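Asker: Residue numbers (our numbering): 575 to 748.
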Ligand SMILES: C[S@@+](CC[C@H](N)C(=O)[O-])C[C@H]1O[C@@H](n2cnc3c(N)ncnc32)[C@H](O)[C@@H]1O
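1) Residue 643: buried (16+ other C-beta within 10 angstroms of its C-beta) or exposed?
2) Between the region 666 to 682 and the region 697 to 711, are three or more C-beta pairs nearer than 8 Å?
3) Could you tell me whether any non-hydrogen atom of ligand 1 is closer than 7 Å to the CB of residue 628?
4) Using a Cβ-Cβ cut-off of 6 Å (strictly less than) and excluding sequence neighbours within five positions of residue 672, which residues of its own chain qualify?
5) Since residue 729 is in the beta strand (DSSP E), which residue starts that stretch and which ends it?
6) Determine the direct distance from the alpha carbon of residue 692 to that of residue 711, and round the result to whole angstroms.
7) Is residue 597 near residue 687, with beta carbons less than 8 Å apart?
8) So is residue 709 buried or exposed if we call it buried at 16+ other beta carbons inside 10 Å?
9) Kindly indicate the opening and closing residues of the alpha helix (DSSP H) around residue 669.
10) Bridge partners for residue 686 per DSSP, in chain order?
11) Whose CA, out of 648, 652, 666, 667, lies closest to the CA of residue 660?
12) Would you call the CB atoms of residue 607 and residue 646 closer than 8 Å?
13) Where residue 592 and residue 600 are concerned, what is the direct C-alpha to C-alpha distance, given to the nearest angstrom?
14) From which residue to which residue does the beta strand (DSSP E) around residue 605 run?
15) Following the continuous alpha helix (DSSP H) through residue 536, name the residue where it begins and the one where it ends.
Here you go:
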């Protein structure tokens with residue numbers, strides 16, 4: 575397990591361990607919105623033969639077989655944020671991610687986690703998805719006009735129906 579070597583707007587090091595609890599140890603792990611790679615670097619275990627595919631502004635793939643996917647797209651217009659934060663920025667790709675995931679999430683071979691704001695993806699909850707709410711509580715959230723601080727409280731991980739159940743170390747459910 576490693577730490578991302580530099581701070582990154584929207585970096586997910588704080589919830590990397592939660593993502594891995596939900597995905598387990600998939601033989602094929604995909605992370606299309608890689609950024610600083612905080613989640614992949616936080617992988618607790620790796621065995622020879624596992625495949626890890628990462629990208630940052632690339633093509634969508636399909637028919638992936640058994641896999642775990644972590645999507646962390648740029649926030650959509652719902653965030654009311656500054657534009658062009660990333661070299662490749664988009665306020666619509668978060669919606670594309672949700673639509674792409676919707677049907678595939680029903681297949682037992684797919685475990686999907688989508689990071690974003692609660693309001694962006696809450697409609698998934700009526701389709702068997704779960705949600706883990708968290709707060710960034712610092713770093714880039716405190717920069718700027720105060721919107722970042724307000725948004726820091728809205729963070730959520732949405733997990734698809736075939737993800738593993740979230741259980742705390744002590745055996746409690748989250
Ligand atoms: C919220 S950040 C990901 C942060 C990352 N999870 C981390 O922990 O550092 C979103 C990333 O998506 C990338 N991105 C933006 N538009 C994209 C697109 N259309 N396809 C793939 N990546 C894109 C951005 O460059 C940025 O690095």
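All C-beta atoms, glycine included, are put in the ideal place defined by N, C-alpha and C. Predicted model only: the values in this text are computed from it and were never measured.
Answerer: Inspection of the coordinates gives the following:
1) Mapped onto the chain shown, residue 643 falls at position 69. By the 10 Å Cβ count, residue 643 comes out buried.
2) Counting Cβ pairs under 8 Å, three or more are found: they touch.
3) For the purposes of this step, residue 628 is taken as the residue at position 54 of the chain shown. No.
4) Against the chain shown, residue 672 aligns to sequence position 98. Correct list, in chain order: 695.
5) As a position in the chain shown, residue 729 is number 155, starting the count at 1. Element bounds for residue 729: 729 to 733.
6) As a working mapping, residue 711 is identified with position 137 in the chain shown. As a working mapping, residue 692 is identified with position 118 in the chain shown. Whole-angstrom Cα-Cα distance: 16 Å.
7) Here residue 597 corresponds to residue number 23 of the chain shown, with the count starting at 1. Here residue 687 corresponds to residue number 113 of the chain shown, with the count starting at 1. A contact, by the Cβ cut-off of 8 Å.
8) Residue numbering aside, residue 709 sits at position 135 when the chain shown is read from its first letter. Of the residues assessed, residue 709 falls on the exposed side of the cut-off, its CB having fewer than 16 other CB atoms within 10 angstroms.
9) Sequence index remark: in the chain shown, residue 669 carries index 95 (1-based). Residues 667 to 678.
10) Position 112 of the chain shown holds residue 686. DSSP output for residue 686 lists 643 as bridge partner(s).
11) For this step, residue 660 is matched to residue 86 along the chain shown. Comparing Cα-Cα distances from residue 660 to each of 648, 652, 666, 667, the minimum goes to 648.
12) For the purposes of this step, residue 607 is taken as residue 33 along the chain shown, with counting starting at 1. For the purposes of this step, residue 646 is taken as residue 72 along the chain shown, with counting starting at 1. Closer than 8 Å, so yes.
13) Along the chain shown, read from residue 1 onward, the residue named residue 592 stands at position 18. Along the chain shown, read from residue 1 onward, the residue named residue 600 stands at position 26. The alpha-carbon atoms of residue 592 and residue 600 are separated by roughly 15 Å.
14) Mapped onto the chain shown, residue 605 falls at position 31. That run of the beta strand (DSSP E) goes 602 to 605.
15) Since the first residue shown for the chain is 575 and the last is 748, residue 536 is missing from the structure and cannot be characterised.
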